Amino acid sequence: MATYVISDIHGEYEKFMELLEEIELEENDTLYVLGDVLDRGEHPIKTVLKLMEMPNAICLVGNHEVMALKCLQFLCQEITDRAIDELDEEAAEDLLVWLYNGGDSTIREFRALDQEMRQEIIAFLEDFELYEELVIKGKRYLLVHGGLGHFSPEKEMNEYSLRDLVWDRPNYRRKYFDDTYLVTGHTPTQTIDENENPGYIYRENHHIAIDCGACFPGGRLAAICLETGEEFYSSDQEE
1 MATYVISDIH
11 GEYEKFMELL
21 EEIELEENDT
31 LYVLGDVLDR
41 GEHPIKTVLK
51 LMEMPNAICL
61 VGNHEVMALK
71 CLQFLCQEIT
81 DRAIDELDEE
91 AAEDLLVWLY
101 NGGDSTIREF
111 RALDQEMRQE
121 IIAFLEDFEL
131 YEELVIKGKR
141 YLLVHGGLGH
151 FSPEKEMNEY
161 SLRDLVWDRP
171 NYRRKYFDDT
181 YLVTGHTPTQ
191 TIDENENPGY
201 IYRENHHIAI
211 DCGACFPGGR
221 LAAICLETGE
231 EFYSSDQEE
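Here the sequence shown is numbered in the UniProt record's numbering, starting from 1 and rising by one per residue.
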């Protein structure tokens, strides 16, 4: 029985399937997905449908799921001129922000589903967890999509806002906890200045950053086994 963590699939369904084969995921293993399943890549909804079939997959919410959930109910209706005219300013802004951040591929696949499956997708996304705390072989892990914005060692987890957890990024130069490893996605490891091996899992100061930019040229999808520390990677994204 093993525990694996991945993040930021971003619709890269083929790389996700490749990585599952690479780690040889078994029924009694657990796979944590740290958000941003949606957007950017070609098949975000196909990836969600696969995760819905996996009882051993536990999904955490990312900022792209947050953006999508603000808009998906609107997309369940017939998009007419009247529907667009009745869209309030805040909802229109949410839709534009989502599109700007790569939501078009999610919209395309979502709109191809029937109404029943659309509602099942929404319900599945709404059940994503905010964070997960684990103890594995005596080591403590805190899993979250983005980071711990406005961090304080005195804070309880329920004191962090949604934005703190899914939008903000960690300070990788700072060790937040002496006894806990903070495992995050959201920040491609290519963008971490301290990372001497850009595009691969970054481990320093009790941080484990696992977003290796699967949807960007030269990036890849990554997984880590928490029991062994072993790292796994998909093939690289084409330049």
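Ideal Cβ placement from N, Cα and C applies to all residues, glycine included. Predicted model, so just to flag it, every value in this text is computed and none were measured.
query: For Gln115, tell me which candidate among Glu159, Ala57 and Gln73 has the shortest Cα-Cα distance.; result: Gln73
query: What residues in its chain sit with their C-beta under 6 Å from that of Pro44, if we drop five residues either side in the sequence?; result: Gly11, Leu38, Ser105 and Thr106
query: Hey, how far is the Cα of Met52 from the Cα of Val135?; result: 25 Å
query: Quick one: what does DSSP say His64 is sitting in, helix, strand or coil?; result: helix
query: In chain order, what residues of the same chain have a beta carbon less than 8 Å from the beta carbon of Glu238, not counting five sequence neighbours either side?; result: Pro217
query: Does any heavy atom of the ligand MG sit closer than 8 Å to the C-beta of Val66?; result: No copy of the ligand MG occurs in the structure displayed, which carries no ligand at all.
query: Exposed or buried, His186, counting other C-beta atoms within 10 Å across all chains shown (16 or more means buried)?; result: buried
query: Here's a check: name, in chain order, each residue in its chain whose Cβ is nearer than 6 Å to the Cβ of Ile9, leaving out the five neighbours to either side.; result: Phe16, Val37 and Thr47
query: The alpha helix (DSSP H) that contains Thr47, what's its start and end?; result: Pro44 to Met52
query: Please look up how many angstroms separate the CB atoms of Val5 and Leu143, rounded, as I've assumed it's under 8 Å.; result: 6 Å
query: So Arg108 is in the alpha helix (DSSP H); what residue range does that whole segment cover?; result: Asp104 to Arg111
query: I'd like to know whether the C-beta atoms of Phe177 and Arg140 end up nearer to each other than 9 Å.; result: yes
query: For a quick check, are the C-beta atoms of Ser152 and Gly62 less than 9 Å apart?; result: no
query: Nearest to Leu49 by alpha carbon, out of Gly199, Glu93 and Met117?; result: Met117
query: Quick check on the DSSP output: the alpha helix (DSSP H) that includes Lys15 runs from which residue to which?; result: Tyr13 to Ile23
query: Would you kindly check if the distance between the Cβ of Thr30 and the Cβ of Ala57 is under 9 Å?; result: yes
query: Just list the residues that DSSP pairs residue 242 with in beta bridges.; result: Beyond the ends of the chain as shown, which are 1 and 239, falls residue 242; an answer cannot be given.
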